[in-house]
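Protein chains in written order, with UniProt numbering: chain D, 1 to 294; chain U, 1 to 294.
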């Protein structure tokens with residue numbers, strides 16, 4: 001036991017689970033890889049029950065409670081997954097002594113930091129408890145978006161222009177640690193993602209479209225990028241069947257996500273829906289001109 | 001008549017009117033200054049009737065129609081005012097020969113330009129007809145926001161931090177010609193204004209707040225800035241009583257607008273509402289540290 005934190009065999013994996021399908025996918029991927037994960041549902045956030053997996057529930061601000069779960073279950077690796085919609089109030093934080101030193105900066109970040117800064121603080125707290133935080137992509141590398149089209153439809157030249165425009169805006173958003181997504185229609189960025197999230201942003205686009213405030217003739221594109229400074233162990237952008245559904249309602253031509261730094265959930269179901277609806281889904285390489293599409 | 005376009009005495013002022021209260025304020029200000037304006041209501045955009053003023057209606061894409069109105073009424077100065085919610089389809093454009101040369105670039109801008117680029121194109125089209133486009137602030141300089149608090153409430157230190165954060169985000173948005181407004185709460189930017197406009201963005205913040213996704217304890221600030229590259233003759237950011245109403249619903253502490261480059265409509269009514277609701281309204285000088293607030 002030279003370094004307990006580095007050795008999967010010496011300890012168990014915990015999956016801290018917020019909302020959405022990512023946690024259950026990771027749980028299955030971990031089991032397939034021979035690792036039996038403990039699911040830690042976040043109270044008021046996780047919607048799923050994780051039947052068939054050992055599951056406990058904890059409040060997001062209860063650091064002492066997490067520490068005790070880690071200890072009881074011999075956890076040495078932790079992965080953060082799923083959406084967290086509500087930030088806890090700092091008054092709800094229950095620290096333990098290992099987290100005391102980080103408390104002042106944690107409170108500051110909780111109150112005024114962007115999501116990225118806050119997740120970074122959460123990673124620091126967990127690692128101070130003696131666990132290693134690993135990325136979802138390390139547990140389930142098959143979920144990472146690849147470069148190129150996933151389905152049968154390809155972006156047109158107009159769509160590629162929208163991809164470029166929306167990617168430019170999403171990069172600025174990410175630099176400011178505000179959000180990960182942008183929608184460009186006809187070469188013009190019409191919506192930027194803030195706290196509301198991708199689905200709500202797409203809903204807004206659908207409403208603007210229905211009101212005639214966005215051209216009915218130009219389709220447009222959703223782009224989601226990882227923030228430039230983002231730790232890949234925290235909150236990778238993700239897309240899934242509901243993203244396709246909402247993109248179709250918003251009248252978009254397709255969806256582009258950053259290859260290698262975004263997660264594709266329920267790929268078969270999502271691609272089938274996209275193929276059927278006539279929209280493209282592609283991974284773009286932000287290090288390549290035109291995202292590596294051409 | 002050495003230069004007809006420069007001399008108010010040699011021709012009449014037309015106010016092209018979209019939605020909202022700005023056009024009627026400008027009409028009154030022009031009349032007070034001894035200039036009897038012709039009101040040109042934009043079909044499907046202008047909500048007001050402009051009773052007591054000579055008024056015609058035109059479709060936004062009908063360049064030939066505008067040219068004929070300008071000629072018939074001896075118009076030599078034009079001011080653009082009010083909100084335009086729907087971009088016309090380029091197929092609806094009715095050019096005249098004076099506008100033919102600008103047509104290809106106009107169509108391109110209409111399809112994929114930001115608002116600023118499109119307004120710039122509109123100004124070019126109007127000036128090619130022999131009229132001078134003047135800014136709303138030239139007709140009614142009293143509407144320009146001044147530096148400092150307008151009402152009895154002042155931003156706190158926390159509010160000033162939010163002003164700084166939101167102004168930083170709004171500057172980036174403006175550089176990308178996407179929008180003019182941002183909301184920061186507790187030092188964290190939670191919403192950015194796209195095509196939907198300020199009122200819709202504030203509504204979104206109110207919903208996020210009601211859902212518990214934004215801290216109930218931190219109030220936050222709306223900031224509206226002129227885009228850095230923006231022609232002041234086009235679409236200055238503006239606030240009015242409805243902005244205060246929506247800011248109050250969103251639970252904000254106050255509103256900051258760029259002094260000298262934003263318009264304050266119905267100031268008395270707005271300030272009374274803000275004083276009553278306990279929120280601040282202030283003009284900030286983007287060339288000064290802390291916006292000139294401290």
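Positions of the beta carbon are idealized from the N, C-alpha and C atoms, including for glycine.
Check	Outcome
Residue 85(D) CB to nearest chain U CB: under 8 Å?	yes
Do the CB positions of residue 277(D) and residue 223(D) come within less than 8 Å of each other?	no
Here's the rule: buried if 16 or more other CB atoms are within 10 angstroms of the residue's CB, otherwise exposed. What is residue 105(U)?	exposed
Output needed for residue 204(D): all residues of its chain with C-beta closer than 7 Å, excluding positions within five of it in sequence on either side, in chain order.	191
Would you list, in chain order, the members of the stretch 164-183 of chain D that have their beta-carbon closer than 9 Å to a beta-carbon of chain U?	165, 168, 169, 172, 173, 175, 176, 177, 178, 179, 182, 183
Which residues in the same chain as residue 318(D) place their Cβ atom closer than 7 Å to its Cβ, once the five residues preceding and following it in sequence are excluded?	Within the shown structure, residues of chain D are numbered from 1 to 294, placing residue 318(D) beyond reach of any answer.
Spatial neighbours of residue 208(U) within its chain, please: CB distance less than 6 Å, with the 5 preceding and 5 following residues excluded, ordered by chain position.	214
Starting from the C-beta of residue 249(D), find all residues in its chain whose C-beta is less than 6 Å away, skip the five residues before and the five after it, and write them out in chain order.	206
Comparing the C-beta of residue 204(U) with each C-beta of chain D, is any distance below 8 Å?	yes
May I ask you to report which of helix, strand or coil DSSP gives residue 191(D)?	strand
Residues of chain D with CB under 7 Å from residue 113(U), in chain order?	188
Could you list which residues in chain U have their beta carbon closer than 7 Å to that of residue 214(D), in chain order?	195
My understanding is that residue 92(U) touches residue 235(U), with C-beta atoms under 8 Å, so please give their C-beta distance in whole angstroms.	About 21 Å separates the two Cβ atoms, so there is no contact after all.
Look up residue 148(D) in the DSSP assignment and give the residues it is bridged to.	283(D)
Are the Cβ atoms of residue 64(U) and residue 96(U) separated by less than 8 Å?	yes
Please list the partners that residue 208(U) has in chain D, where partner means a Cβ-to-Cβ separation under 8 Å.	195, 196
Please report whether the beta-carbon of residue 3(D) lies at a distance below 8 Å from any beta-carbon of chain U.	The predicted position of residue 3(D) is uncertain, since its pLDDT is 40 and thus under 50; no value can be drawn from it.
Taking all protein chains shown into account, decide if residue 202(U) is buried (16 or more other Cβ within 10 angstroms of its Cβ) or exposed.	buried
Identify the residues that DSSP records as bridge partners of residue 77(D): which are they?	13(D), 132(D)
With H, G and I counted as helix, E and B as strand and the rest as coil, what does DSSP make of residue 19(U)?	strand
Flag this pair as yes or no: are the beta carbons of residue 189(D) and residue 118(U) separated by less than 8 Å?	no
Determine the direct distance from the alpha carbon of residue 259(D) to that of residue 253(U), and round the result to whole angstroms.	41 Å
Should residue 218(D) be flagged as near chain U, meaning a C-beta pair shorter than 8 Å?	yes
List the residues of chain D whose Cβ lies closer than 9 Å to the Cβ of residue 247(U), in chain order.	Those within 9 Å of residue 247(U) in chain D number zero; the least Cβ separation is about 16 Å.
Here's the rule I'm using: 16 or more other beta-carbon atoms within 10 Å means buried, otherwise exposed. How should residue 156(U) be labelled?	exposed
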